[in-house]
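Visitor:
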Amino acid sequence: NIIAPNCYHYLFAASFKDCYPKATFWAAPGLQQKEPELPIDRTIDIESAELTPGLQSIFLSGFRTLGLSGFDSLNECIFFHPKSRTLILTDAAFHFDASFPLLTQLMTRVLGGYQTLSPSWLERIATTDKKAVRESIEEILRWDFERVIMAHGSVIEKAGKEAFINGYESFLKVSWPASRFGVSKA
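The working numbering numbers the first residue of the sequence shown as 217 and each following residue consecutively.
1. Candidates GLY278, ALA220 and LEU276: which alpha carbon is nearest ILE256's?
2. Look up LYS401 in the DSSP assignment and say whether it is helix, strand or coil.
3. With which residues is VAL364 paired in a DSSP beta bridge?
4. Measure how close the beta-carbons of LEU247 and CYS223 come, nearest whole angstrom, since I'm counting them as under 8 Å.
5. Just to confirm my understanding: we take ILE372, look at its own chain, exclude 5 residues before and 5 after, and list those with CB closer than 7 Å. What are they?
6. Per DSSP, what kind of secondary structure is GLU266 in: helix, strand or coil?
7. Would you mind sorting ASP307 into buried or exposed? The rule is 16 or more other CB atoms within 10 Å of its CB.
8. Would you list the one or two residues that DSSP bridges to SER334?
9. Taking only runs that begin and end inside the segment 225-260, name each unbroken beta strand (DSSP E) of 3 or more residues, in chain order.
10. Closer than 7 Å by C-beta to ALA184: which residues in its own chain qualify, once you throw out the five before and the five after it? Chain order, please.
11. Please work out which residues of its chain come closer than 7 Å, Cβ to Cβ, to SER300, disregarding the five sequence neighbours upstream and downstream, and give them in chain order.
12. Terminal residues of the continuous alpha helix (DSSP H) containing SER315?
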């Protein structure tokens, strides 16, 4: 499988499809309309929880980012691998730490995502449908995840759910501890 998880991360997907023609190329909703020349086989069904056996997905409804043409829908699909208890994000959150170059550390201290798993302030400003995002986040929090992998930043190996709740607290309108999501502060 080749997966373009949102309308921004697809740059080399067509090349992968050329190299692996038998692979199924999955795309986030809206990508086929944005880039009609891409050899997309299937669009990720936002109504179905399971993408392929062992990999579940949720569409992050309402989440937007600042794109070249203004505020754009990210159309991001979030994935969960139950066997390893891993949440997989692309642009929905960032988590940079001291292992990154100094310039990256400085930028993420200003923009968000430094030593915290959270969306940047660009996404916070661009996202106006907070209710839709909150509902999606609550769906994600029903998953039993410990580890979080994201496209931008360091992997969180332990206490990923707590980090996710903390980073999305402004969308959830709940304060820590968020015991209603099965998490308690140790």
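For each residue, glycine too, the CB sits at the ideal point set by N, CA and C. Source: prediction; values computed, not measured.
Guide: Working from what's here:
1. Out of GLY278, ALA220 and LEU276, ALA220 has the C-alpha closest to the C-alpha of ILE256.
2. The predicted position of LYS401 is uncertain, since its pLDDT is 49 and thus under 50; no value can be drawn from it.
3. According to the DSSP secondary-structure assignment, VAL364 is paired through a beta bridge with LEU303 and ILE372.
4. So it is a contact: roughly 5 Å between Cβ atoms.
5. Excluding the 5 residues flanking it on each side, ILE372 has same chain C-beta neighbours closer than 7 Å at HIS311, LEU333, ARG363, VAL364 and ALA379, in chain order.
6. For GLU266, the secondary structure class from DSSP, reduced to helix, strand or coil, is strand.
7. Buried, by the Cβ-count rule.
8. SER334 has PHE310 as its beta-bridge partners, per DSSP.
9. Complete beta strand (DSSP E) runs here, min 3: 241-243.
10. Outside the modelled stretch of the chain, which goes from 217 to 402, sits residue 184, for which no answer is possible.
11. Counting only Cβ-Cβ distances below 7 Å, and skipping sequence neighbours, we find ARG363.
12. In the DSSP assignment, SER315 falls outside any alpha helix (DSSP H) and carries neither an H nor an E.
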